[in-house]
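Presented below is the structure to which this report refers.
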């Protein structure tokens, strides 16, 4: 295979280390988030088989941020290319063994984003390799459904999004528009509302709250006035979202303001899921059909007493008794690899039938 | 006078152009905002007089942003120094004629901010010059009260803040903590909520609204999905706040969602004013004392039918019938100059008495 990319040195190992004979064909699954990027290399499974549980993983590689909105396109591409090369090298394989790649990245909000990334991937892999670009939420869904695109996924970490698919391939999303555009149930949203509550209490516009002393102590500040400088000193969303555990602790200790913020976030997260379920008709005409609801992200993980994920499930199940909540056992990058496997199988079958 | 600053060339004109004999002593007032910085040079008025209405202005100079949180300290300092030199040059004066300077800048939220700027100003002006550093809201108040620090000012432009003083010098503020920390009544807040409403309607989480077609048309976009890319492409708060007129037009055309956003902003702005009035007791014990409420900023200016400022005044007057609403006839930089004059007079009188 010719070197097709500018960063030729990334692929130098392909010449230096020939593939182990019989290593077989592989697929790559990538989960590219705002914090880190994970690439999974999986063996390709013979046509008749379903992926085993847990799916076989040949190698796993990790790199930094690959959200082009955050680090720019050139840096995002280099990160993605490096992490793929790293995973192939670790698995004793190389590009000639790759049959399919699924790249699930945050910041893919529009078909033009998808096409731009596909064009660039095609520059690295020859035309017989199946290439699939998805929003990272799709890989998160697949991580809970073993690669099947059916049901709804709710992600709530620093950001939040709900994404769903029907069995016949229709899709819908809600939220995922970032902190300026109303993702209030996210970790960032919860923490920003807690900071706002501290400022409001200090101003005399809001109730006194335990959040004041807890947040100031956590950040090593002596007055709510200093929160303004702290907040704008570094615009990273993850830095603000890191205050979520403080809010949960205050709520668990009985603080009304903190409890109100968490209940509002439960309501917001549930309303994203409901919007997706409703638009896709996942609950069927009688509202009682069963569908998987995959729950992913730090905000939805269980805490001592306040379990935001459990409250969201309770809220959704009231409307849709067929909700089957799933907390995935594998990471989203494995979901992406399973997706690549499924897409590739479908296309191969279609090829065989035609 | 020796050159005391690094940017010596800024003051070169002082050697090249001697002061016109008898030009007299002057004061400088500066209003440093996130968009621009204005410096006013006023003649100093004999001790017994009050400033005339309108106050006499010798020169006016304009420069760019001087908010150190936004452009960094070095750039902010250079802008402030240049705009002062420019105003003095235009008035045919120089630093030796300056008796007092009031620098009112946004981003002064803490006594340490104030002290840092004072230390640096002292490097430019000798010790007999009165130097005063204030939050820019204080100059806005003074622009409506002809330099008297009494009453409350509400600013609502891109950002919002309420700031008040009692006659015996106590002060209080509310809001002014920026978009992350709950300044929802601001121009930025109104526009961000409108953008959120478009996303929510598109997702199926909110009511259909006229804002969708109006905002997409204004921005030249074809789908709400494209709003995400547009929003995060440039994080400038002013760029988002520029959508306020679209929201007002939709509200005037009867759109419920737009009307709800504007009424919420009225409520938020009024609650900032109430917090300040309450904490300072500006309304007296019976709640009926009169006090000035100075209204400043684009959001509070009258529109065809929807007049946010008028609604805020109506709302405040219900609680505090002694509210005297003032829309200033002079700009905040003139307010800063009047403040410099007042501070300087007080210190001179104190000096004469002691």
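Chains as they are written, first to last, in UniProt numbering: chain B, 1 to 354; chain G, 1 to 354.
Cβ atoms here follow ideal geometry from the backbone N, Cα and C, with glycine treated the same way.
- Query: Can you give the beta carbon distance from residue 64 of chain B to residue 36 of chain B, rounded, assuming they're within the 8 Å contact cut?
  - Reply: The beta carbons of residue 64 of chain B and residue 36 of chain B sit about 6 Å from each other, so the pair counts as a contact at 8 Å.
- Backbone secondary structure at residue 144 of chain G - three-state DSSP: Look at residue 144 of chain G here: in three-state DSSP terms it is helix.
- Query: Given that residue 278 of chain B touches chain G, what residues does it touch there, using C-beta distances under 9 Å?
  - Reply: Within chain G, the residues near residue 278 of chain B are 204.
- Message: Quick check on residue 119 of chain G: does DSSP put it in helix, strand or coil?
- Response: Three-state DSSP puts residue 119 of chain G in a helix.
- Query: So residue 282 of chain G and residue 139 of chain G are in contact, right, with Cβ under 8 Å, and what is the actual spacing, rounded?
  - Reply: About 19 Å; that fails the 8 Å criterion.
- Determine whether the Cβ of residue 110 of chain B lies closer than 7 Å to any Cβ atom of chain G. It does: the Cβ of residue 110 of chain B has a partner Cβ on chain G nearer than 7 Å.
- Item | Straight-line gap, residue 161 of chain G to residue 272 of chain G (C-alpha atoms, nearest Å) | Approximately 7 Å, taken between the alpha carbons.
- Query: Does the separation of the CB atoms of residue 121 of chain G and residue 131 of chain G fall below 7 Å?
  - Reply: Contact flag set, yes.
- Item | Range covered by the beta strand (DSSP E) that runs through residue 39 of chain B | It spans 37–43 - the beta strand (DSSP E) in which residue 39 of chain B sits, taken as one unbroken run.
- Touching or not, the region 284–293 of chain G and the region 255–265 of chain G, by the rule of three or more beta carbon pairs under 8 Å? Contact between the region 284–293 of chain G and the region 255–265 of chain G is absent, because fewer than three Cβ pairs lie under 8 Å.
- Item | beta strand (DSSP E) segment containing residue 31 of chain G, residue limits | Residue 31 of chain G: member of the beta strand (DSSP E) spanning 26–32, first to last residue.
- CA-to-CA distance, residue 211 of chain B to residue 343 of chain G, given in whole angstroms: Each residue's alpha carbon lies about 39 Å from the other.
- Does the beta-carbon distance from residue 183 of chain G to residue 97 of chain G come in below 7 Å? Judged by beta-carbon spacing, residue 97 of chain G lies beyond the 7 Å limit of residue 183 of chain G, meaning their Cβ atoms are not closer than that value.
- Task: Report yes or no: is there a C-beta of chain B within less than 7 Å of the C-beta of residue 323 of chain G?
- Result: Interface residue (Cβ-Cβ distance to chain B less than 7 Å): residue 323 of chain G is not classified as such.
- Start and end residues, alpha helix (DSSP H) containing residue 314 of chain G: Counting along the chain, residue 314 of chain G sits inside the alpha helix (DSSP H) bounded by residues 308–319.
- Message: Pop quiz: residue 33 of chain G and residue 106 of chain G are said to be a contact at Cβ under 8 Å. What is the actual Cβ separation, rounded to whole angstroms?
- Response: Rounded, the Cβ-Cβ distance is 5 Å, consistent with contact.
- For residue 266 of chain B and residue 255 of chain G, the rounded distance between their alpha carbons: When the Cα atoms are used, residue 255 of chain G and residue 266 of chain B turn out to be separated by approximately 29 Å.
- Message: Can you tell me whether residue 292 of chain G is helix, strand or coil according to DSSP?
- Response: Three-state result, residue 292 of chain G: strand.
- Query: Would you say residue 47 of chain G faces chain B, with C-beta separation under 7 Å as the test?
  - Reply: Model confidence at residue 47 of chain G stands at a pLDDT of 49, short of 50, so the residue's coordinates are unreliable; what they give is reported in the following sentence. With 7 Å as the cut-off, residue 47 of chain G does not count as an interface residue toward chain B.
- residue 202 of chain B and residue 229 of chain G look like a contact to me (Cβ under 8 Å); what is the Cβ gap, rounded to whole Å? Rounded to the nearest angstrom, the Cβ distance from residue 202 of chain B to residue 229 of chain G is 36 Å, too far for a contact under 8 Å.
- Query: Using the beta-carbon count (16 or more within 10 Å), is residue 115 of chain B buried or exposed?
  - Reply: Classification of residue 115 of chain B: exposed, given that the 10 Å Cβ count is below 16.
- Query: Are the C-beta atoms of residue 194 of chain B and some chain G residue less than 7 Å apart?
  - Reply: Not an interface residue.
- In the DSSP assignment, find the alpha helix (DSSP H) that holds residue 282 of chain B and state where it starts and stops. Run containing residue 282 of chain B: none; DSSP gives neither H nor E here.
- Going by other Cβ atoms of all chains shown within 10 Å of its Cβ, with 16 needed for buried, is residue 145 of chain B buried or exposed? By the 10 Å Cβ count, residue 145 of chain B comes out buried.
- Who are the neighbours of residue 218 of chain B on chain G, taking C-beta pairs under 7 Å? Under the 7 Å cutoff, chain G gives no residues; its nearest Cβ is about 16 Å from residue 218 of chain B.
- Opposite residue 132 of chain G in the DSSP bridges: which residues? Paired residue(s): G:102.
- In the structure shown, what three-state DSSP assignment does residue 21 of chain G receive? Because the pLDDT at residue 21 of chain G is just 49, under 50, the model does not fix this residue reliably, and the value given afterwards should be weighed accordingly. In the three-state reduction of the DSSP assignment, residue 21 of chain G falls in the coil class.
- For residue 172 of chain G and residue 276 of chain G, believed in contact at Cβ under 8 Å, the rounded distance: Right, their Cβ atoms sit about 5 Å apart.
- Task: Give the DSSP-derived three-state secondary structure of residue 242 of chain B in the structure shown.
- Result: When DSSP states are grouped into helix, strand and coil, residue 242 of chain B belongs to the coil group.
- Starting from residue 359 of chain G, trace the alpha helix (DSSP H) both ways and give me its first and last residue. What is shown of chain G runs 1 to 354, which leaves residue 359 of chain G out entirely.
- What are the partner residues of residue 153 of chain B, as DSSP defines its beta bridges? Partner(s): B:163 and B:294.
- Query: Any beta-carbon of chain G closer than 7 Å to the one on residue 154 of chain B?
  - Reply: Taking 7 Å as the CB threshold, residue 154 of chain B stays off the interface with chain G.
- Report yes if the C-beta distance between residue 247 of chain G and residue 194 of chain G is below 7 Å; otherwise report no. Yes.
- Message: Please confirm whether residue 190 of chain B has its beta-carbon closer than 7 Å to some beta-carbon of chain G.
- Response: Chain G contact via Cβ: absent.
- Message: Is there a Cβ of chain B sitting closer than 7 Å to that of residue 264 of chain G, yes or no?
- Response: Output row for residue 264 of chain G: interface = no.
- Message: Once DSSP output is grouped into helix, strand and coil, what is the label at residue 177 of chain G?
- Response: Looking at residue 177 of chain G - three-state DSSP - the assignment turns out to be coil, as it is neither helix nor strand.
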